[in-house]
Structures are given as structure tokens and as C-alpha cells.
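Q:
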Amino acid sequence: MKTLLITLEYPPFKGGIASYYSNLLKSWPLNEALEILDNNKNQLVVTQGLFAWRRAFKTVWQRLQKNDISYILVGHILPLGTVTFILSYLKSFKYAVFLHGLDFNATLNSPRKRFLSALILRRADKIICANNYTAGIVADFYPAACNKIKVVNPGVTGPDDEEINKISNTVNLDSRYNLKTRLILLSVGRLVRRKGVDYVIKAIEQMSEPEKKNLVYFIAGAGPDEKYLKSLVAAEDTKRIIFLGAVDEKDKWRWLKRSDIFIMPARNIKGDVEGFGIVYLEANLMSRPVIAGNSGGVGDAILDSYNGLLVEAENIASIKAAIIKLAGDAQLRKKLGEQGRERALKEFNWSGQAKKIIDIINTQNL
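Structure follows, in C-alpha cells:
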């Protein structure tokens with residue numbers, strides 16, 4: 001018998017959720033059959049609205065006619081959870097629902113979506129949350145489901161040692177930006193408000209000249225906040241705070257390797273939260289310490305004073321203090337970075353995360 005994963009987000013679709021499911025499929029043991037139904041050919045959803053799930057119903061129903069699916073992993077509670085919930089009364093299978101953070105938060109502001117979500121979670125065999133923050137929200141929303149809630153963080157993958165050697169030639173970066181004696185602060189991500197780049201800029205602007213003398217801050221990414229963020233940079237700091245624009249995978253790893261400190265003090269903005277933050281662990285893989293905002297699911301990725309520093313995400317002074325602390329202590333940077341790499345490799349490898357999910361779906365609820 002097979003397990004079927006149904007998802008609206010899968011490569012070439014980009015994003016953390018698509019990456020989660022792609023890596024899960026790659027890491028699934030060969031002796032455990034996993035099949036995927038994605039939406040890349042619009043076979044699940046083609047419209048938005050009340051009946052966006054109708055095509056998914058037909059597609060999944062047709063797949064179930066082979067009678068070889070014993071378990072369905074639901075990649076999105078709505079609308080795919082609705083489809084799976086209905087079909088579970090027509091065919092014999094169990095299902096688990098994945099919840100990442102924003103996907104579930106989006107259901108809480110609508111009475112109709114709350115009602116549907118409660119039905120879906122009540123009938124689910126398991127509820128697999130990507131972080132403890134989301135697990136807590138689900139438990140508050142539907143206390144009766146607590147025994148079914150399990151947490152499986154995303155895994156992290158990066159270049160191996162040979163690949164790192166190939167991409168870590170930083171001569172061009174050093175000469176282009178005059179970096180030899182400068183301490184490099186780096187952010188990588190979509191330029192949206194919750195990522196906290198605006199507060200990093202403001203923190204740097206508030207530093208005295210001696211405090212930021214050798215500091216340079218690179219911002220890699222694009223997004224709707226780019227114009228706003230550039231407007232925050234004082235004229236005298238345009239050579240200290242540099243926007244790189246969107247970068248490809250190879251350049252992302254080059255910059256992570258070349259940086260001294262990775263920073264992304266993500267904050268909660270009206271339910272718009274950082275679900276986990278894979279990029280924190282990617283920085284750790286390069287043995288780089290992290291400054292992160294203590295919000296959403298970030299606390300699963302970053303342990304304060306172990307692989308980085310957690311700051312009060314809405315407190316510019318807290319962000320400033322963390323930058324100054326790490327910038328002035330090379331030994332601490334080295335310690336946090338090395339501990340971060342060891343933890344990322346040991347606790348967040350995808351083969352281990354896939355095994356956790358298999359164990360979860362094969363274990364009966366008490």
C-alpha cells in the first residue's frame with residue numbers, strides 16, 4: 001500500500017513549503033512507497049473561491065480508484081483538507097494534515113474556514129506541525145486534537161564540503177566591495193516587513209561611528225518593501241548598507257560563507273509570522289552565528305546563546321545590542337557558528353525528518 005502526498009506547492013513552484021515537500025519526497029525511504037499529486041499542471045486547483053477544491057476532488061477520487069492508497073498526507077488544510085475529509089467517508093484511508101504557520105493562521109479569521117478546519121482536524125489521524133509555535137495555536141483552537149498533534153521541523157540541505165570549496169572563492173567579493181578588514185552582516189530573504197530588515201537598518205543608523213566603523217550590511221533579496229527599505233538608509237551609509245537584489249542559489253551560499261553574522265529579526269505582524277526560518281539553519285551550516293527575532297516558530301531553529309542570539313524582534317535597541325555583542329566578540333561568533341553547524345547536521349537532516357513522519361503515521365493514537 002502507498003502513501004499519497006497532495007500539495008498545491010511543489011517545485012518548480014518556489015517557497016519554503018514547496019521545498020519542504022520536495023525534500024521530504026527525496027528523503028523518503030525506497031522501501032516506503034510515497035506518491036505525490038501536485039498542482040503544477042493545474043490538476044488540483046485552477047480558481048480561487050468557495051469551490052476551488054472541485055478539480056482536486058475529481059483528481060484525488062480518480063487516483064483512489066486503484067485502491068492502493070492507505071494514507072494521505074494533506075499539504076494544505078484548505079482546500080485540500082476539505083477534499084480529503086469528504087473522500088475519507090467514501091474510501092478507506094487515514095490522513096494527516098501538515099500545518100506550517102501562515103497557512104493555518106489564514107483560516108482563523110473566517111467563521112466558515114474555522115468550521116471547515118475543525119471538521120478536518122477532528123477526522124484527521126495526525127496533525128503534523130512544522131514548529132512548536134503552530135502546534136500551540138492548533139492546540140488552543142481545537143484542544144480535543146492535542147493527542148494527534150506532532151511537530152516535525154523542516155530539514156536543511158546545503159552544499160557538501162567539496163561544493164563549499166568550489167563556491168567559497170571570495171576574491172571577487174572582497175575586491176568588489178573592499179571587504180578584507182570589514183565585518184559582514186547579511187540578510188537573505190524576501191523583502192517584506194515581517195523579516196525585520198527595516199529594524200536592522202534602523203539599528204545600524206542608531207550606532208555611533210566607532211560602533212559601526214568596520215561594519216557592512218548586505219541585503220540579498222527582492223520584494224515589495226525594497227523601495228521603503230532603501231529610503232531608510234542615510235546618505236552617509238549607502239556604502240555600508242548595500243542591496244544585492246535577488247541572488248541565485250550559488251550566490252546565496254557564497255554570501256553565507258563569506259559573511260560573519262547572519263541576521264533576520266523576524267517579527268509578528270498581525271498574524272503574519274515566520275513559520276520556522278530555513279535560512280537560519282543554512283547560515284548555521286556555513287558555521288555562521290545568527291541574530292533572529294524571538295517570534296513565530298523561530299525558537300525551534302535558533303536556541304538563544306547556542307547557535308545564535310534571539311532578540312526582541314520589535315525592539316531596535318535589542319537588535320542593536322546583539323549586533324554590537326557579536327561584532328565585538330570573534331570567539332563567541334566562532335563558538336555559536338560551530339555549534340550551529342553541528343546541530344543543523346545532527347538534528348535537521350532530511351532523512352531523519354522523513355523517518356519521523358513515517359513513524360508518526362505508522363503509530364496508533366492512544
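Read in order, the letters of the sequence shown correspond to residues 1 to 366 in UniProt numbering. Glycine included, each C-beta is placed from N, C-alpha and C at the ideal position. Bear in mind that the values here come from a model prediction, so they are computed numbers and not experimental data.
If we call anything under 7 Å between Cβ atoms a contact, is residue 3 one with residue 71?
A: Yes. Within cutoff.
Q: Apply the 10 Å Cβ neighbour rule to residue 288 and answer buried if 16 or more other Cβ atoms are within range, or exposed otherwise.
A: Classification for residue 288: buried.
Q: Buried or exposed for residue 129, please, with buried defined as at least 16 other CB atoms from any protein chain shown within 10 angstroms of its CB.
A: Looking at its Cβ environment, which holds 16 or more other Cβ atoms inside 10 Å, residue 129 is buried.
Q: From the DSSP output, read off the bridge partner residues of residue 264.
A: DSSP, once it has assigned bridges, lists 292 as partnering residue 264.
Q: Compare the beta carbon distance of residue 214 and residue 183 with 7 Å and say whether it is the shorter of the two.
A: Against a cut-off of 7 Å, the Cβ pair of residue 183 and residue 214 comes out as a contact.
Q: Consult DSSP for residue 197 and reduce its assignment to one of helix, strand or coil.
A: Residue 197: helix per DSSP, three-state reduction.
Q: Taking the alpha helix (DSSP H) that residue 20 belongs to, which residues open and close that run?
A: Taken as a continuous stretch (DSSP letters only), the alpha helix (DSSP H) holding residue 20 covers 16-27.
Q: On the three-state DSSP scale, how would you describe residue 9?
A: Here residue 9 sits in coil by DSSP.
Q: Span of the alpha helix (DSSP H) holding residue 60?
A: Its alpha helix (DSSP H) spans residues 54-64.
Q: Check whether the Cβ atoms of residue 275 and residue 297 lie closer than 7 Å to each other.
A: Yes, the Cβ-Cβ distance between residue 275 and residue 297 is below 7 Å.
Q: Ordered along the chain, which non-local residues of its own chain (more than five positions away) have a Cβ less than 8 Å from that of residue 12?
A: 40, listed in sequence order.
Q: From the DSSP output, read off the bridge partner residues of residue 150.
A: The partner list for residue 150 (beta bridge, DSSP) reads 128.
Q: By the three-class DSSP mapping on this structure, what secondary structure does residue 248 have?
A: Residue 248: coil per DSSP, three-state reduction.
Q: Tell me, which residues are paired with residue 238 by DSSP?
A: Looking at the DSSP assignment, residue 238 forms no beta bridge with any residue, so it has no partner.
Q: Classify residue 103 as buried or exposed, calling it buried when 16 or more other Cβ atoms lie within 10 Å of its own Cβ.
A: Buried.
Q: Report buried or exposed for residue 224, applying the criterion of at least 16 other Cβ atoms within 10 angstroms of its Cβ.
A: Under this definition residue 224 is an exposed residue.
Q: Looking at C-beta atoms only, is the number of pairs between the stretch 180-199 and the stretch 260-271 that lie closer than 8 Å three or more?
A: Counting Cβ pairs under 8 Å, three or more are found: they touch.
Q: If contacts are defined as beta-carbon pairs under 8 Å, then residue 64 and residue 87 qualify, I think. What distance do you get, rounded to the angstrom?
A: About 7 Å separates the two Cβ atoms, so the contact holds.
Q: Name the residue from 353, 173, 45 whose alpha carbon lies nearest to the alpha carbon of residue 254.
A: Residue 254 has its Cα closest to that of 173, out of 353, 173, 45.
Q: Thinking C-alpha only, which one of 186, 326, 205 is nearest residue 245?
A: The option with the nearest alpha carbon to residue 245 is 186.
Q: Just to confirm before moving on: does the CB-CB distance between residue 6 and residue 34 stay below 7 Å?
A: No.
Q: Give the straight-line distance between the Cα atoms of residue 324 and residue 334, rounded to the nearest whole angstrom.
A: Each residue's alpha carbon lies about 15 Å from the other.
Q: Beta-carbon within less than 8 Å of residue 201's beta-carbon, same chain only, minus the 5 sequence neighbours each way: which residues are those?
A: Taken in chain order, the residues that qualify are 217, 229, 232, 233, 241.
Q: Should residue 257 go down as buried or exposed, given a rule of 16 or more other Cβ atoms within 10 Å for buried?
A: So residue 257 counts as buried.
Q: So for residue 396, helix, strand or coil by DSSP?
A: With the chain represented from 1 up to 366, any question about residue 396 goes unanswered, as that position is not in the structure.
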